[in-house]
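Residue numbers (my numbering), protein chains in the order written: chain F, 1 to 140; chain G, 1001 to 1284. Glycine included, each C-beta is placed from N, C-alpha and C at the ideal position. From a predicted model like this one, the values you see are computed outputs, not experimental measurements.
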C-alpha cells in the first residue's frame, strides 16, 4: 500500500487534520473516535466496494492495492446520516456518487488496533471534488 | 420644541430596540422540537455547541456499592485511558479520563439497549415536548433511538416500590410557578447516568426542572438523589436547549424529527460487527 500513498500529501494532511482534531475533540454516536489514530492519517487510492447509508453511521467499504499488487479490504466509518442529510447529502445523492467500482482518494485515521478499519476524514473523487463531508464539516 | 423632538427620538429608539421585537411566548408552553446545540440543529453525537455532554464534572463521593459499579463500567467517551491527555487534565473527574475503544468497552447502548434517564436528556439529538390537551400527561420524544416517555400530570403519585423497574422510569410532572418539575423513580439500574459510565441504582430519584426563559430557550437543571450510589445528591449544571425552526428540522419539506431507530440489523450486525469491533481489535 505504501507506494499508493502520496507521502507529501499525507504529511500536509496529517498536520492539518491533527490540528483540527486537537481543537475539536469531536465525539461520535458510539464513542468510536477513540478507536482511531488521528495523529497518523493515511491517504489512499481506493475503489468502492460498498456504501451503506444507515444508522448510526454511514459506512464505506473499499479496496486498496498494496505495493505487491495485492488487494486490501478496508472498512471506513463516516458520519451519521442526519449530518449528511443536513448538508444536502441525501441517501439518493450519496449512493449515486458512490456506486461499487468508483475510484476515490480517501484520507482516514486508521484503527489503533492495526486492523484495516478507519474513520474517514475526507473523500475526493476523480474530478477532484469532495464527496460527502470532511470530518471538520460535520454539523456542529 | 427641542424637548418634544427628544421625546419622539426616545420613543423611536425604544420602538426599534431588539427587546420590542422579541417574540412573545407562554412560559407554560414547552411544546416544540428542541436542540441542545446553541447553533441550531445538533445531531449525531457530534456537537460543539452543546456544552458539557456529561451530567456534571463535579461528582459527589460514591458509596462502596456505587464505587464498585463505577469501576466495572468501561465507557468510550472522554480522554483515553492511560493517555497523556488523561494525565494532564486532573481537573476533570476520573470518569472522563478512562475511555476505551467501544469494541473493548461495556456500554450497553452500543448494542441498541436503551439509554434511559438522565442520559437520554444529555444526548445532542433533538427532543420534542408534546403536551396532551387533556392536561393529564406530557409526552417527551427523542430523535436518538426514536424513543419516548410519558410524564403524568394527572396528580398521581409515584410508585413507592415498583414491582418492575423501567428503562425510562415512572414520571410525574407539575408546575411550580413557571417551572415544569418532573419527578421520576423506578429505574432499571443497568443504564448509566451519562456516557462517562457513572452508575445509578434502582433507588435513584431524578428531578428535572424545565424553564422556558425566552421564546427560543429552554433550561433544564437536574438532581439525582441516589443514596445507594452517591453519598449526597448530585446536581447537574443547567443544560440549555434551543427551539428549532421548521427549516432546521425538515427533510424534503417534511417537518419532523428523523427516525433514528437503533435497529440491531443495522447497528449490531452491520456497524458494530463490521466497524466498531474490528476497529477495537476485537473479533465478532
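What residue does the beta strand (DSSP E) around residue 74 (chain F) start on, and which one ends it?
That run of the beta strand (DSSP E) goes 71-77.
Please list, in chain order, the chain F residues whose beta carbon lies closer than 9 Å to that of residue 1251 (chain G).
The answer, in chain order, is 82, 85, 86, 90.
Residue 1255 (chain G) at chain F interface by Cβ criterion, 8 Å:
With 8 Å as the cut-off, residue 1255 (chain G) does not count as an interface residue toward chain F.
Which of helix, strand or coil does DSSP assign to residue 1259 (chain G)?
Correct three-state label for residue 1259 (chain G): coil.
My parser needs the beta strand (DSSP E) runs of 3 or more residues fully inside the segment 1018-1090 of chain G; what are they?
Here the runs fully enclosed are 1032-1035.
C-beta atoms of residue 98 (chain F) and residue 109 (chain F) nearer than 8 Å:
No, Cβ-Cβ distance for residue 98 (chain F) and residue 109 (chain F) is not below 8 Å.
Where residue 122 (chain F) meets chain G, residues with beta-carbon distance less than 8 Å
Within chain G, no residue has its beta carbon less than 8 Å from that of residue 122 (chain F); the closest one is some 16 Å off.
For residue 56 (chain F), three-class secondary structure by DSSP:
In the displayed model, residue 56 (chain F) falls within coil according to three-state DSSP, outside both helix and strand.
Mind checking who residue 1141 (chain G) pairs with in its DSSP beta bridge?
Looking at the DSSP assignment, residue 1141 (chain G) forms a beta bridge with G:1128, G:1148.
Could you tell me the distance, in whole angstroms, from the CA atom of residue 56 (chain F) to the CA atom of residue 1228 (chain G)?
If I take the Cα positions, the gap works out to 34 Å.
Is there a Cβ of chain G sitting closer than 8 Å to that of residue 38 (chain F), yes or no?
Chain G, which has no Cβ nearer than 8 Å to the Cβ of residue 38 (chain F), makes this no.
Would you say residue 77 (chain F) reaches chain G, if we count a Cβ-Cβ gap shorter than 8 Å as a contact?
So yes, residue 77 (chain F) belongs to the interface.
Of the choices F:103, F:115, F:113, whose alpha-carbon is the least far from that of residue 129 (chain F)?
Of the candidates F:103, F:115, F:113, the one whose C-alpha sits nearest the C-alpha of residue 129 (chain F) is F:103.
Please go through the segment 1171-1197 of chain G and give each complete beta strand (DSSP E) segment of 3 or more residues, from N-terminal end onward.
If we require 3 residues or more, the beta strand (DSSP E) runs fully inside the segment 1171-1197 of chain G come out as 1179-1185.
Please go through the same chain and pick out, in chain order, the residues whose beta-carbon is closer than 8 Å to the beta-carbon of residue 1060 (chain G), but skip the five residues on each side of it.
Apart from sequence neighbours up to five positions away, the residues of its chain that approach residue 1060 (chain G) with a beta-carbon distance below 8 Å are 1230, 1231, 1232, 1233, 1234, ordered along the chain.
Assuming the contact rule is C-beta atoms closer than 8 Å, residue 1096 (chain G) and residue 1054 (chain G) should be a hit. Round their C-beta distance to whole Å, please.
Going by Cβ atoms, the distance from residue 1096 (chain G) to residue 1054 (chain G) rounds to 7 Å, so yes, they are a contact pair.
In terms of alpha-carbon separation, which member of G:1025, G:1264, G:1038, G:1213 lies closest to residue 1124 (chain G)?
Residue 1124 (chain G) has its Cα closest to that of G:1038, out of G:1025, G:1264, G:1038, G:1213.
Endpoints, beta strand (DSSP E) assigned at residue 1104 (chain G)
DSSP places residue 1104 (chain G) in no beta strand (DSSP E); its state is neither H nor E.
List the whole-angstrom C-beta distance separating residue 81 (chain F) from residue 50 (chain F), where the pair is believed to meet the contact cut-off of C-beta under 8 Å.
No, residue 81 (chain F) and residue 50 (chain F) are not in contact; Cβ-Cβ is about 16 Å, not under 8 Å.
Check whether chain G comes within 8 Å of residue 127 (chain F), counting only Cβ atoms and requiring the distance to be less than that.
It does not; no Cβ of chain G falls within 8 Å.
With contact counted as at least three CB pairs below 8 Å, one residue from each stretch, are the segment 1252-1262 of chain G and the segment 41-48 of chain F in contact?
No, the segment 1252-1262 of chain G does not touch the segment 41-48 of chain F.
Under 7 Å Cβ-Cβ, which residues of chain G neighbour residue 46 (chain F)?
Going along chain G, no residue has its Cβ under 7 Å from residue 46 (chain F), so there is no contact; the nearest lies around 16 Å.
Going along chain G in order, which residues have a C-beta closer than 8 Å to the C-beta of residue 59 (chain F)?
Per Cβ cutoff of 8 Å: 1270, 1271, 1274, 1275.
Establish whether the CB of residue 1076 (chain G) and some CB of chain F are separated by less than 8 Å.
Output row for residue 1076 (chain G): interface = yes.
Neighbour list for residue 1266 (chain G) in chain F, Cβ cutoff strictly below 7 Å
Result: 54, 55.
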